[in-house]
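A quick write-up on the structure given underneath.
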Amino acid sequence: MSEPFLIGDAMTGGYGKGPDILHDCTIAVNPGEIAVIVGPNGAGKSTAMKAVFGMLNVRSGSVRLDGEDITNLSPQDRVVKGMGFVPQTSNIFTSMTVEENLEMGAFIRTDDFSDTMEQVYHLFPILKEKRRQAAGELSGGQRQQVAVGRALMTKPKVLMLDEPTAGVSPIVMDELFDRIIEVARTGLPILMVEQNAKQALEIADKGYVLVQGRNAHTGTGKELLADDEVRQSFLGG
Amino acid sequence: MTDTVKHILLFVAVGVLLVLEGTTTALGVFSGSWNSSLTILNMGLISAIMALGVNLQWGFAGLFNVGIMGFTALGGLAVVLTSMPATPGAWSAGGGSILLALVLGAATIGAVILLRQKMAAGRLRSLATLALLIVGFFVYRAILDPGVDAVESINPALEGNIGGLGLPVLLAWPVGGLLAAGAAWIIGKTALGLRSDYLAIATLGIAEIILSVLKNEDWLSRGVKNVVGLPRPVPYEVDLQNDAAFVEKAASWGLDALTASTIYVKLGYTCLFTLVLLALLWMAQMALKSPWGRMMRAIRDNETAANAMGKNVTRRHLQIFILGSAICGVAGAMMTTLDSQLTPGTYNPLRFTFLIWVMVIVGGSGNNFGAVLGGLLVWFLWIKVEPLGVMLIEVITAGMSADSPLRAHLLESAAHMRLFTMGLMLLLVLRFSPRGLIPEK
Amino acid sequence: MDFLNALVALTNFVLVPGIAYGSQLALGALGVTLIYGILRFSNFAHGDTMAFGTMMTILFTWWFQSMGITAGPLPTALLALPFGIAVTMGLVVGTDRAVFRFYRQQKAKPVVFVMVSLGVMFIMNGLVRFIIGPGDQQFADGERFIVSARTFKSLTGLDEGLAIKTSQGITVVTAVIVVAALFWFLNKTRTGKSMRAYSDNEDLALLSGINPERVVTYTWLIVAALATIAGTLYGLDKSFKPFTYFQLLLPIFAAAIVGGLGNPLGAIAGGFVIAMSEVMVTYAWKKVAEYVLPDSLAPSGLVQLMSTDYKFAVSFAILIVVLLFKPTGIFKGKAV
Numbered sequence: 000m001s002e003p004f005l006i007g008d009a010m011t012g013g014y015g016k017g018p019d020i021l022h023d024c025t026i027a028v029n030p031g032e033i034a035v036i037v038g039p040n041g042a043g044k045s046t047a048m049k050a051v052f053g054m055l056n057v058r059s060g061s062v063r064l065d066g067e068d069i070t071n072l073s074p075q076d077r078v079v080k081g082m083g084f085v086p087q088t089s090n091i092f093t094s095m096t097v098e099e100n101l102e103m104g105a106f107i108r109t110d111d112f113s114d115t116m117e118q119v120y121h122l123f124p125i126l127k128e129k130r131r132q133a134a135g136e137l138s139g140g141q142r143q144q145v146a147v148g149r150a151l152m153t154k155p156k157v158l159m160l161d162e163p164t165a166g167v168s169p170i171v172m173d174e175l176f177d178r179i180i181e182v183a184r185t186g187l188p189i190l191m192v193e194q195n196a197k198q199a200l201e202i203a204d205k206g207y208v209l210v211q212g213r214n215a216h217t218g219t220g221k222e223l224l225a226d227d228e229v230r231q232s233f234l235g236g
Numbered sequence: 000m001t002d003t004v005k006h007i008l009l010f011v012a013v014g015v016l017l018v019l020e021g022t023t024t025a026l027g028v029f030s031g032s033w034n035s036s037l038t039i040l041n042m043g044l045i046s047a048i049m050a051l052g053v054n055l056q057w058g059f060a061g062l063f064n065v066g067i068m069g070f071t072a073l074g075g076l077a078v079v080l081t082s083m084p085a086t087p088g089a090w091s092a093g094g095g096s097i098l099l100a101l102v103l104g105a106a107t108i109g110a111v112i113l114l115r116q117k118m119a120a121g122r123l124r125s126l127a128t129l130a131l132l133i134v135g136f137f138v139y140r141a142i143l144d145p146g147v148d149a150v151e152s153i154n155p156a157l158e159g160n161i162g163g164l165g166l167p168v169l170l171a172w173p174v175g176g177l178l179a180a181g182a183a184w185i186i187g188k189t190a191l192g193l194r195s196d197y198l199a200i201a202t203l204g205i206a207e208i209i210l211s212v213l214k215n216e217d218w219l220s221r222g223v224k225n226v227v228g229l230p231r232p233v234p235y236e237v238d239l240q241n242d243a244a245f246v247e248k249a250a251s252w253g254l255d256a257l258t259a260s261t262i263y264v265k266l267g268y269t270c271l272f273t274l275v276l277l278a279l280l281w282m283a284q285m286a287l288k289s290p291w292g293r294m295m296r297a298i299r300d301n302e303t304a305a306n307a308m309g310k311n312v313t314r315r316h317l318q319i320f321i322l323g324s325a326i327c328g329v330a331g332a333m334m335t336t337l338d339s340q341l342t343p344g345t346y347n348p349l350r351f352t353f354l355i356w357v358m359v360i361v362g363g364s365g366n367n368f369g370a371v372l373g374g375l376l377v378w379f380l381w382i383k384v385e386p387l388g389v390m391l392i393e394v395i396t397a398g399m400s401a402d403s404p405l406r407a408h409l410l411e412s413a414a415h416m417r418l419f420t421m422g423l424m425l426l427l428v429l430r431f432s433p434r435g436l437i438p439e440k
Numbered sequence: 000m001d002f003l004n005a006l007v008a009l010t011n012f013v014l015v016p017g018i019a020y021g022s023q024l025a026l027g028a029l030g031v032t033l034i035y036g037i038l039r040f041s042n043f044a045h046g047d048t049m050a051f052g053t054m055m056t057i058l059f060t061w062w063f064q065s066m067g068i069t070a071g072p073l074p075t076a077l078l079a080l081p082f083g084i085a086v087t088m089g090l091v092v093g094t095d096r097a098v099f100r101f102y103r104q105q106k107a108k109p110v111v112f113v114m115v116s117l118g119v120m121f122i123m124n125g126l127v128r129f130i131i132g133p134g135d136q137q138f139a140d141g142e143r144f145i146v147s148a149r150t151f152k153s154l155t156g157l158d159e160g161l162a163i164k165t166s167q168g169i170t171v172v173t174a175v176i177v178v179a180a181l182f183w184f185l186n187k188t189r190t191g192k193s194m195r196a197y198s199d200n201e202d203l204a205l206l207s208g209i210n211p212e213r214v215v216t217y218t219w220l221i222v223a224a225l226a227t228i229a230g231t232l233y234g235l236d237k238s239f240k241p242f243t244y245f246q247l248l249l250p251i252f253a254a255a256i257v258g259g260l261g262n263p264l265g266a267i268a269g270g271f272v273i274a275m276s277e278v279m280v281t282y283a284w285k286k287v288a289e290y291v292l293p294d295s296l297a298p299s300g301l302v303q304l305m306s307t308d309y310k311f312a313v314s315f316a317i318l319i320v321v322l323l324f325k326p327t328g329i330f331k332g333k334a335v
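Chains as they are written, first to last, in numbering that gives the first Met the number 0: chain B, 0 to 236; chain D, 0 to 440; chain G, 0 to 335.
Here's what the structure looks like:
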């Protein structure tokens, strides 16, 4: 198998000088794919993603983007390299309008980004409608759209979402997943951490089940959903 | 060298500075007068007590009090109200109505609080609150004003104030603490539990208000006309000089009566202040080691965790805030006693609030001995920075002609080097030695 | 006629001074609130920054005057203002580099920043007293009045005069221009928006590639300009005395908190709330009351709620009420 587009390879590490949370954990994603990290509470799902994004001290293993070793770059530098990250909480500028949120997303770009903004509006029509409204006044699902839209404004080469459906209703969750699929169809690789394992694996091209910071099961979404052990332990039968 | 030895040496160093001040005029810094040395020591002891109080708030609990001046001034007021004799005729002329007005004013506020508890929220409650406040205010003013006028017209050149209770002056010290505690309770109730900055701003405010009350309420404190001739806990120099036995004794020490009497009086104060300082230091140390003190520091280090453990953080903060402020009040009363006059015009936040902060930070926040050391040392420096500044400017301007206007301006401004130096010292200690000279254990 | 006279008296003694003072407080509070929004601490050195900026402006004014440069009917200080701002900007940014940046890198608690700002306040205070002395300085020149009381009386035939000082007119005009420029900057420019973004959500701003040091530098530059302008306007209107500027801290903080710390719009509203309350509570209403009320009800006293010596008590009382009932301020601020 050739080198994946983005890979966190055999990562071991923890926050600051704290104990290791990840142990030899590998996460990868390729263009056009949705890769999903699932697992029980405290399995290190978000931690694994943060490790890929450089918010964690990776003591061994490496992170490579498009063949380039970026293990030692800061998160900010990774954004410049083409990684888009949507944190789980506080992922929008609540006091600023939707449009300003998108503009801030494009802050590092020096070229004209009106095209990208149009694309984001095309992807999330509701945002265009509310572009003059303060983002903090929007509903939970709309806020998540703003957050994803903000990350898309840098024209990232890979998009990482940390539990995008946390705290939204099931209907909104379905809609958000639809949007995410749509984004993936544009060829953008998506790496996502999800609490709602079943639904997430249904749309996933690749799934990583983590247990206590280690890779427990890896496979396509369908394979994992069909795997009895995975079903019994994490998906409630 | 163990830490303890080092810390003892630091205190010894301050002692040496004071001895040098008393014995030598070398270096142009020291005055070679025991009189001056004791003056510095006495104020240093008072400063140490204030620093102890502030350290209780900051070092133990992380509370930022920027109103030390106000609590100190309240202590000063306590001396007037406790120890001065009542002005003849003041109580019959207007004292009663002033007291009545104050009680009514307090009752109005009490009634408003009660009203807000009893009535349901809404427009009606707001209107009732407003009406009550307005009526209360006018009734208060209607009763207060004539009383104030009557009191202030009694012999205004010398008195014009209500006077005090005529009690022994030492009693004023705890009373000063009580007054300060009362003010601290009001502020703490309001601003604690909010962001730390708010307490700072609220205390800054209360200090200004207390001071403007002292400066303007002539019936209470004679305002900027000052109250002089406060009773003293130690004998008067004149009496000593007229005391044949004392003069004889002084002569046997090789001192003239004048010097001996001033030194004797100052030593008297030194003993009293040292006693108070030691008592407070002992209490502060006991508090620090007690479960209460440990919990305070636990709260300071992790408020969220303490909250989660079911500790009522705001309540604990209120306790320590009141205690610390009360200590500042006691120190304020002691200072006014030492001056034997209340001069509201001389209270200045830079001197009475921010300098105390420099003492706490330089000495070592969180350590009671550090606070005491900081109080003594920084006070000495505060006194000596001025002559040092003048010397420095003289050196800098030595090359200029004697009538150069720049030189004259610089020499004239040298006094302001104090603030600059203190600020610099604070910043340097905060940056390079944030734990201070005697760090917290 | 009586009613008109009452209205003019009210305008002359309450509205005009209140609006001028309110504008000065608003500009001061804007500086405090910007620092709070971006650097997240209450800057106790702000009053002394204002004093420093004003002092520099005064020094330039004297220099210009000595060279015979004036602004005609307007005060020369207006010409000196840009130079005063430039020097203050240098001082403030230098202070940030030398002092505050270290604690940012340490991620120190806000209360440590407040403490450090105390040290800075000491130094600035000493600097100002050292250079210009602790005394009062008058530096207003040019026309004293836009409308003088006498002209107004002869013009309208009313008993009451209305005087508008040049300094008051300049204060309001300058404040409007400055506030408009500030809001344009914050809402329309990329740098301004990045400042708002940083104030709103620091982590996300970092993720978006906003350089915090740049934001902080811009903030100090703007704050230096605001402080110098506010201080100079206050000095022109009243007089310059270092200690008075230190004392302005209380009403300025009160204004910023009343409006909601970190909220620029709130700072302006807060400035006017504080200034108007102060002027109204300390104004002797006797004159107005005599015009409006029938003779039988005319008051015998001054009808002054509090003596002017207690003007700080007004700021303080408002501050306490806000802290008790609405600690986030009228406009929702950042701090609780």
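Don't be surprised by glycine CBs; every beta carbon is placed ideally from N, CA and C.
Check	Outcome
Within 8 Å, strictly: CB atoms of G328 of chain D and L101 of chain D	no
F252 of chain G to G204 of chain D span [Cα, whole Å]	10 Å
Secondary structure of F176 of chain B, DSSP reduced to three states	helix
Own chain partners of D19 of chain B with C-beta closer than 8 Å, once the 5 adjacent residues on each side are dropped	T11, G12, G13, R58, G212
Reduced DSSP category for D338 of chain D - H, G, I as helix; E, B as strand; rest coil	helix
Simplified DSSP state of F40 of chain G, which is helix, strand or coil	coil
Endpoints, the alpha helix (DSSP H) within which K108 of chain G is located	From DSSP, K108 of chain G is part of no alpha helix (DSSP H); its letter is neither H nor E.
Local conformation of D161 of chain B per DSSP, three classes	strand
Chain G contact for F92 of chain B (CB, 8 Å cutoff)	yes
Neighbour flag for I37 of chain G against chain B, beta carbons, 8 Å	no
Cβ of E99 of chain B within 8 Å of any chain G Cβ	yes
Alpha carbon of Q284 of chain D to alpha carbon of P290 of chain D, nearest angstrom	12 Å
Closer than 8 Å to chain B by CB, V335 of chain G	Low per-residue confidence applies at V335 of chain G: pLDDT is 45, beneath 50, and the placement is therefore not dependable, though the value from the model is reported in the following sentence. Judged by the 8 Å Cβ criterion, V335 of chain G is not in contact with chain B.
Cβ-Cβ distance between A72 of chain D and A332 of chain D below 8 Å	no
Stretch pair the stretch 34 to 49 of chain B + the stretch 208 to 225 of chain B: three plus CB contacts closer than 8 Å	yes
Stretch pair the stretch 151 to 162 of chain D + the stretch 39 to 51 of chain D: three plus CB contacts closer than 8 Å	no
Rounded C-alpha distance that separates A180 of chain D from G166 of chain B	48 Å
Euclidean distance between Cα positions of P348 of chain D and R128 of chain G	15 Å
Segments assigned alpha helix (DSSP H), at least 4 residues, entirely inside the stretch 99 to 153 of chain G	100 to 105, 109 to 131
Cβ-based burial, R77 of chain B [other Cβ within 10 Å; buried from 16]	buried
Within-8 Å CB hit, G269 of chain G to chain B	no
Nearest neighbour of T81 of chain D, chosen from D:R115, D:G175, D:G31 [CA to CA]	D:G175
Contacts around T153 of chain B, its chain only, beta-carbon distance under 8 Å, and the 5 residues preceding and following it disregarded	V78, G81, G83, G104, A105, I107, R108
R142 of chain B classed as buried or exposed, judged by whether at least 16 other C-beta atoms fall within 10 angstroms	buried
DSSP three-state assignment for V168 of chain D, whether helix, strand or coil	helix
Residue from D:P230, D:L19, D:T189 with nearest C-alpha to R314 of chain D	D:T189
Counted within 10 angstroms of its Cβ, other Cβ atoms place W219 of chain G as buried (16 or more) or exposed	buried
Close beta carbons around L205 of chain G, own chain, < 8 Å, minus the five adjacent residues each side	P211
For K205 of chain B: DSSP bridge partner residues	B:A34
Whole-Å CB distance - L8 of chain D paired with N124 of chain G, under 8 Å assumed	The Cβ separation is near 34 Å, so there is no contact.
Which of helix, strand or coil DSSP assigns to K154 of chain B	coil
Beta-carbon neighbours of D199 of chain G, restricted to chain B and to distances below 7 Å	F92, T93, S94, M95
Near-chain D residues of the stretch 101 to 114 of chain G - C-beta to any C-beta below 7 Å	F101, P109, V110, V113, M114
Backbone CA spacing between V150 of chain D and G222 of chain D [nearest angstrom]	13 Å
R195 of chain G at chain B interface by Cβ criterion, 8 Å	yes
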